[in-house]
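Sequence positions in the sequence shown follow the UniProt record's numbering and run 1 to 321. What follows is a single structure, written as structure tokens, with notes after it.
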Amino acid sequence: MRFDRYIDLGRYAFGPKLGPWIVLPQQLIVQVGCDIVYMVTGGSVSRSSWKSPAATAPDSGNPTGFAYLAPSISLVGCLSKGQIENVNYGYKYTSPSDYMFRVFNALGQITFAFAGHAVALEIQATIPSTPEKPSRIPMWKGAIGAYFINAICYFPVAFVGYWAFGQDVDDNVLMALKRPAWLIASANLMVVIHVIGSYQVYAMPVFALLEKMMVKRLNFPQGIALRLIARSAYVAFTLFVGVTFPFFGDLLGFFGGFGFAPTSYFLPSIIWLVLKKPRMFSISWLINWASIFIGVFIMLASTIGGLRNIIIDASTYSFYS
Numbered sequence: 001m002r003f004d005r006y007i008d009l010g011r012y013a014f015g016p017k018l019g020p021w022i023v024l025p026q027q028l029i030v031q032v033g034c035d036i037v038y039m040v041t042g043g044s045v046s047r048s049s050w051k052s053p054a055a056t057a058p059d060s061g062n063p064t065g066f067a068y069l070a071p072s073i074s075l076v077g078c079l080s081k082g083q084i085e086n087v088n089y090g091y092k093y094t095s096p097s098d099y100m101f102r103v104f105n106a107l108g109q110i111t112f113a114f115a116g117h118a119v120a121l122e123i124q125a126t127i128p129s130t131p132e133k134p135s136r137i138p139m140w141k142g143a144i145g146a147y148f149i150n151a152i153c154y155f156p157v158a159f160v161g162y163w164a165f166g167q168d169v170d171d172n173v174l175m176a177l178k179r180p181a182w183l184i185a186s187a188n189l190m191v192v193i194h195v196i197g198s199y200q201v202y203a204m205p206v207f208a209l210l211e212k213m214m215v216k217r218l219n220f221p222q223g224i225a226l227r228l229i230a231r232s233a234y235v236a237f238t239l240f241v242g243v244t245f246p247f248f249g250d251l252l253g254f255f256g257g258f259g260f261a262p263t264s265y266f267l268p269s270i271i272w273l274v275l276k277k278p279r280m281f282s283i284s285w286l287i288n289w290a291s292i293f294i295g296v297f298i299m300l301a302s303t304i305g306g307l308r309n310i311i312i313d314a315s316t317y318s319f320y321s
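And the structure:
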């Protein structure tokens with residue numbers, strides 16, 4: 001049986017009434033949270049590019065390539081810059097509680113980077129599927145390839161960025177690089193183009209839900225006006241939240257725990273246990289229960305850590321200045 005949406009799988013596993021209440025809120029948190037983070041990311045790198053006198057827009061119609069070029073330029077930039085003077089590799093220690101909350105927030109950031117199951121079924125639904133060539137085969141290959149590429153993009157930048165800047169490295173390492181101006185500006189523009197495309201991936205299901213609700217509950221006529229109002233309102237909302245709380249690292253940690261951990265790390269295991277009913281204490285049973293316990297811990301810890309850091313940063317931040 002093929003399910004084209006996460007919510008359909010939830011209905012099948014938990015029932016037509018309970019399923020949507022379990023899946024839909026978590027999926028919306030992921031989609032809206034991702035788009036807010038993309039707004040913050042795009043805004044910060046756009047501002048950096050605007051400040052650069054040598055900013056030039058690269059010509060390409062494939063946003064996917066920019067997702068790989070930007071971390072590559074970050075890596076090359078860190079290597080070419082080398083270590084800063086008096087680099088300090090020690091942790092920014094303030095107090096035991098602050099240390100703990102920052103570790104919790106870091107767990108959420110890692111979770112955010114390596115979680116995408118919330119729209120996996122929606123993506124797979126775009127792949128043609130026949131009994132002879134089921135869509136799960138290319139989808140599985142694509143998922144493995146995507147996570148492998150993520151790893152080779154993220155980890156070298158993390159290692160080399162920390163080697164170059166130590167504890168002073170920024171959440172977005174591109175913000176710490178200034179020369180050569182044309183190269184950094186190009187990398188920032190690649191990030192902007194990448195987040196524009198990624199924004200659409202997570203926004204499209206929300207657009208469909210908003211338009212369906214407006215037609216069903218408000219008797220709004222279908223057409224261009226419906227799409228214009230619903231989509232503009234959503235974009236304006238994510239922009240407003242991103243401008244109000246432009247804390248990139250804190251938002252990553254918060255949404256990584258609050259949204260991505262449930263949909264990617266323990267809800268799939270719960271669904272597997274409900275549907276497959278593996279024998280108690282079998283390998284499958286143990287692995288899924290371990291994933292559930294680890295996922296719940298990450299959700300609680302990183303949500304608390306991210307929210308705490310947002311509150312701390314907001315207390316010293318001049319809003320809309």
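Glycine included, each C-beta is placed from N, C-alpha and C at the ideal position.
Between the alpha carbons of E211 and V32, how many angstroms are there, rounded?
One-based indexing of the sequence shown puts residue 211 at position 211. One-based indexing of the sequence shown puts residue 32 at position 32. When rounded, the distance between both Cα atoms is 16 Å.
Nearest CA to the CA of L239: which residue from I224, Y199, F258 and Q27?
As a working note, residue 239 is residue 239 in the sequence shown. When each option's Cα is compared against that of L239, the closest is Y199.
Would you give the residue range spanned by the alpha helix (DSSP H) that R231 belongs to?
As a working mapping, residue 231 is identified with position 231 in the sequence shown. Taken as a continuous stretch (DSSP letters only), the alpha helix (DSSP H) holding R231 covers I224 to T244.
Would you decide whether N86 is buried or exposed? Buried here means 16 or more other CB atoms lie within 10 Å of its CB.
Stepping through the sequence shown from its first residue, residue 86 is reached at position 86. So N86 ends up on the exposed side.
Do the CB positions of G42 and V192 come within less than 7 Å of each other?
Counting from one through the sequence shown, the residue named residue 42 turns up at place 42. Counting from one through the sequence shown, the residue named residue 192 turns up at place 192. Their beta carbons are under 7 Å apart, which means G42 touches V192 by this criterion.
Residues in its own chain within less than 8 Å of A314 by CB, not counting five upstream and five downstream?
What you label residue 314 is simply residue 314 of the sequence shown in a count that begins at 1. For A314, where only same-chain residues beyond five positions count, the Cβ hits under 8 Å are F245 and F247.
Can you tell me whether M280 is helix, strand or coil according to DSSP?
Within the sequence shown, the letter at position 280 stands for residue 280. In this structure, M280 counts as coil in the three-state DSSP scheme.
Between the stretch 108 to 123 and the stretch 261 to 280, do at least 3 Cβ pairs fall closer than 8 Å?
yes
With DSSP as the reference, label S129 as helix, strand or coil.
On the sequence shown, residue 129 is found 129 positions in, with the first residue counted as 1. Of the three classes helix, strand and coil, the one that applies to S129 here is coil, per DSSP.
For the candidate residues V201, M175, S302 and Q222, whose alpha-carbon lies nearest to that of Q124?
For the purposes of this step, residue 124 is identified with residue 124 of the sequence shown, where counting begins at 1. For the residues V201, M175, S302 and Q222, the minimum Cα distance to Q124 belongs to V201.
Just to confirm before moving on: does the CB-CB distance between L107 and S291 stay below 7 Å?
Taking the first residue of the sequence shown as 1, we reach residue 107 at position 107. Taking the first residue of the sequence shown as 1, we reach residue 291 at position 291. Not in contact: L107 and S291 (Cβ atoms no closer than 7 Å).
Flag this pair as yes or no: are the beta carbons of G10 and I29 separated by less than 7 Å?
For this step, residue 10 is matched to residue 10 along the sequence shown. For this step, residue 29 is matched to residue 29 along the sequence shown. Result no, Cβ atoms of G10 and I29 do not sit closer than 7 Å.
Using three-state DSSP, classify P205 as helix, strand or coil.
Translated into positions along the sequence shown, residue 205 becomes position 205. Of the three classes helix, strand and coil, the one that applies to P205 here is helix, per DSSP.
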